[in-house]
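Residue numbers (our numbering), protein chains in the order written: chain A, 1 to 273; chain B, 1001 to 1632. Every residue, glycine too, gets a C-beta built ideally from N, C-alpha and C. Please read all numbers here as calculations on a predicted model, not as lab measurements. Working notes, structure below.
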Amino acid sequence: MKIAVLLSAGRHPVSGAAVLPRLEAQAIRIAVRLGEAFGVLDGGSAPFGLHAGPDAATVADALGQGLARIEHLVLPEGVDPVPALAEHLAATAPDVILAGRRGQGGGESGIVPYALAAALDRPLIADVVSVAPGDEAGTLRLDQSLGRGALRRVVVRGPVVATVHPDAPASLAYAFGRARRGTIVSLEPTAEPVAGPAIPVEERPYRRRPKIVKGAPAGGSAAERLKAATGESGAAASGRLLVDPAPEEAAREILAYLRRVGVVAPDSTRPNS
Amino acid sequence: MHSFMPLTTVFPGLVWAMAALALVQTARRAALWRVGSAAPVAWLHGLARLPRRYLVDVHHVVARDPYASRMHAVVAGGLLAASLLTALAILPPLAQSRAYWLLVALAFAVTAVGSVLVGARRYPAKQKRLSAGRFQILPFLLLAYAVGGTLTALLLAVGTGGIALPFTLALAAAGGLGLAFEVRQGPMRHAVAGALHLAAHPRPGRFEGRPDTALQPLDLEAPRLGAEMPADFTWNRLLSYDACVSCGRCEIACPAFAAGQPLNPKRLIQDLVAGLNPAEPPYAGNPYPGGREAEGERGPLARLIGPDARIHPDTLWSCTTCRACVEECPMMIEHVDAVVSLRRYQTLERGALPEKAIGPVTELRQSGDAGGRPLPARTDFAAGLDLPLMADRGQADVLLWLGEGAYDLRYGRTLRALVRLLRQANVDFAVLGPEERDTGDLARRLGDEATFQALARENVATLAKYRFARIVTADPHALHALRNEYPAFGGPYTVVHHTAFLLELIRAGRLTPGRLPDLSVTYHDPCYLARYNGETEAPRAVLDAIGLARVEMARSGKRAMCCGGGGGAPVSDIPGERRIPDLRMAQAAETGAGVVAVACPSCTAMLEGVTDRKAEVRDIAELLLQAVEAGR
Ligand code: SF4
Ligand code: SF4
């Protein structure tokens, strides 16, 4: 079992410091757990990181967060990393390739894993929160996040690319000593350099978006108008308020709500309805 | 006459034999200390200061339990005097003197009295905080030696003896040789290890009147970071753990123990001793709350921390680094240093921080704030107040260090009060604003020395850009880091706690508070101000200056109990049976005071978080502002 984690140069969303993107740190944790499950934690077969770009220093944090080795494809600034990555991954053929669902503070196009999956002709499972060995040999069991806590379990056979969802378990702690011991291997890609697609970006200072006021009552009391203006009559206010309900009634309401938002499957087996 | 002549030589010979046996036992023990790593020790200085350190510093702690203090003075004094006098009787002129033997008998009699005092603490029932095990036979050994010695000396003094002498001498020999034997892994080890530890203490500053409390910087280039196994500790630390007398004073002072978290400082030290020495007799004191049995391998190279090792990680992460144990330890053992060394290995080498602490430490490393909040938002608490920035001014008399509390809504109230007081007193001050990073205190206590050092370097570089006379801060954790720990990173600053600074302003007449006689208040000492920095008077003086009715809690000043907020304990959040702040608030309630005065953002947050609180929690700055406004 060979596991690769794609690493990208990221920025901290608040401080702007060069950091490993959080999703990729979470991907490392998934990779480490999977490696443990397959007993490939040490030596050359342990999960490794892969970075394509001008400088590996920004992803070196991954060495402290669970990976022992990073392979660095040295590319000039502005070059599309996909051809080099695809070529390298085709040669090394990891069974599982993990990536964040999108970068953090870089291009953030979220497209690289898809481009790689296409180039390698592999399935891509998006937004996973865990990857574990399947019950049958040669299969993997992936849990995909559907949002709001809902999960879908997928079992795949053969090599796969998976992107990691923010709901995955939090990253491992950074261990300075491990980072010190880890290695970064620099590799010269042979693929022809292609300039990356220019992503049209525009920078604007952040401003909280005004809330859209739906169905503001023309009349009504000041409190009602305020409620409408602050969005308090939105989704949160549309529920039913039950004061001191009977436990059965409360349970029914909760179940009905969970069905409505899709966490619990719709009820189709009730005999008398 | 002829028959007892040789006995005047045999008896002193017994003491010499005891000394030889004790020496052999010490040497066997010392072989274990030598597996520790090297440490610089000023031996000559230490040995010269030994009597003073014992009589002043140790006595200061021991005397808090007057019974134990008297007991120890009588039994140890008697034992030393009697043994020395007997040993000297190897000289024929003394051996011939009946008056001399009378003197010896007297010294042994004193020892016998002391032995009874020792026994009375253990029989019929042992005091709860004491350990049983080998300590339970100590009174008998002492008594045998003392009574045997008294009788032998008396018989030699009166010059009869005859048939009784061999029996009394045998009794003395049984007790005396037993005591000497116990030097290796029994109760008497504390005497030898304790004396050597006083001379070779890793924090000699403690005895020279400075609060020597800064954690020692870790060399991040070292091949192994922190302590994984006993051999990773320096030899004088291993020696210090051997000095433990299992008195349990640390245990009853420990807030985590009181809260039923799985930490008992006595057990922790004893686990370090037992980890080093596989032959150590079993531990016989109170267990870690939760009652986990010791397991795992032992020996100088055995792993100490782990779910399957001698010390469970939860034990390690329960410590609030409050130093209450260190303050109470009569053997001057440094528990917090041990905890931090062990944490350093776990964090730096294994990344084995407690799950809940990973987020805050990661944010601290990546963004300079444990909450990952924007640094410019640190001054948001002061919206509407004029808060001058150092970046605009370049210099000021006072640099106001805001600390992490500035992000907290509740604590913002305190800082606003402080800023208004400074304005009122026309203090020339400024803040770093967005340039201020966390001091790294949290990272350092949790063992992440790399992050601490990085933050310290950044802050030192920032501070180097500006000219100021002093740093004032309301956060004792920041104060401790800036005042005591930053000098190692090139930042020697004069740092003043806000309570001391406000007192100065009052005394200089720059603040003229009115009086608030209707409020009754009890002051909760922050560990990092009282124990780490020895400052207990200024906050009380400010409260007295505004005429409050002040009452003290049973535990106050340097012996106060922690609020539970230090050492990363709130982020590690190791479950216990109770919560530390609840215990402290209950102690405050016992005083009947309506207000608990605090002087630290962590204490404010912890004590404010207590449910069903009867008393209000107010910072001293808030109380002073109220008094100043009342005085107008
Ligand atoms: S420092 Fe405080 S919490 Fe830690 S062991 Fe000592 S008394 Fe207990
Ligand atoms: S560590 Fe100190 S206070 Fe605690 S039991 Fe040992 S000697 Fe007593």
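Nearest to residue i (by Cα), restricted to the options the options
i               : options                               : result
R1467 (chain B) : B:V1431, B:A1022, B:S1240 and B:P1307 : B:V1431
H1060 (chain B) : B:E1327, B:P1223 and B:V1339          : B:E1327
K1558 (chain B) : B:L1543, B:I1546 and B:Y1528          : B:Y1528
D135 (chain A)  : A:E24, A:E249, A:A37 and A:A52        : A:A37
V1628 (chain B) : B:A1554, B:M1585, B:V1595 and B:L1543 : B:L1543
A1227 (chain B) : B:L1316, B:V1110 and B:R1206          : B:L1316
R102 (chain A)  : A:A126, A:A175 and A:G39              : A:A126
E1458 (chain B) : B:T1009, B:L1165, B:L1364 and B:R1540 : B:L1364
D1314 (chain B) : B:L1050, B:G1178, B:V1571 and B:V1596 : B:V1571
L1084 (chain B) : B:H1072, B:R1070, B:Y1100 and B:T1213 : B:Y1100
A17 (chain A)   : B:E1504, B:G1372 and B:R1098          : B:G1372
Interface flag, residue i vs chain A, CB-CB below 7 Å
i               : result
S1367 (chain B) : yes
E1458 (chain B) : no
I1574 (chain B) : no
P1374 (chain B) : yes
I1305 (chain B) : no
L1432 (chain B) : no
E1349 (chain B) : yes
L1316 (chain B) : no
L1353 (chain B) : yes
A1450 (chain B) : yes
Assigned secondary structure, residue i (DSSP; H/G/I helix, E/B strand, else coil)
i               : result
R11 (chain A)   : strand
T1362 (chain B) : helix
S171 (chain A)  : coil
E1251 (chain B) : helix
T1604 (chain B) : helix
S1556 (chain B) : coil
Q1270 (chain B) : helix
D1212 (chain B) : coil
S1131 (chain B) : coil
H72 (chain A)   : strand
R178 (chain A)  : helix
A126 (chain A)  : strand
L242 (chain A)  : coil
A162 (chain A)  : strand
G100 (chain A)  : strand
E1280 (chain B) : coil
G1499 (chain B) : One detail in the question is off: residue 1499 (chain B) reads as Thr in this sequence, not Gly. If DSSP states are grouped into helix, strand and coil, T1499 (chain B) belongs with the helices.
E1616 (chain B) : strand
First through last residue of the alpha helix (DSSP H) which encompasses residue i
i               : result
Q1453 (chain B) : E1449 to L1463
H1060 (chain B) : H1059 to V1062
F1108 (chain B) : R1098 to A1120
G1594 (chain B) : Unbroken run through G1594 (chain B): none, as it is neither H nor E.
Beta-carbon gap between residue i and residue j smaller than 7 Å
i               : j               : result
P1300 (chain B) : A1231 (chain B) : yes
L1344 (chain B) : L1225 (chain B) : What sits at residue 1344 (chain B) in the sequence shown is Arg, not Leu. In this structure, L1225 (chain B) lies closer than 7 Å to R1344 (chain B) by Cβ.
A1144 (chain B) : G1175 (chain B) : yes
T1026 (chain B) : V1192 (chain B) : yes
T1473 (chain B) : A1621 (chain B) : no
V1495 (chain B) : L1479 (chain B) : yes
I1305 (chain B) : L1342 (chain B) : yes
I1090 (chain B) : P1204 (chain B) : no
G1576 (chain B) : A1259 (chain B) : yes
Minimum Cβ-Cβ distance from residue i to chain B less than 7 Å
i              : result
H12 (chain A)  : yes
L112 (chain A) : Sequence inspection shows Val at residue 112 (chain A); the Leu mentioned does not correspond to that position. By this cut-off, V112 (chain A) is not an interface position.
A109 (chain A) : Residue 109 (chain A) is actually Ser in this sequence, not Ala. Taking Cβ atoms only, chain B never reaches closer than 7 Å to S109 (chain A), which makes this a no.
V185 (chain A) : no
A235 (chain A) : Legend: pLDDT at A235 (chain A) = 48, less than 50; position of this residue unreliable, value from coordinates given subsequently. Chain B, which has no Cβ nearer than 7 Å to the Cβ of A235 (chain A), makes this no.
G78 (chain A)  : no
L7 (chain A)   : no
V129 (chain A) : no
Unbroken beta strand (DSSP E) run spanning residue i, endpoints
i               : result
S145 (chain A)  : T139 to G147
S1520 (chain B) : S1520 to Y1523
F1429 (chain B) : F1429 to V1431
Q1395 (chain B) : Q1395 to W1401
F48 (chain A)   : F48 to G53
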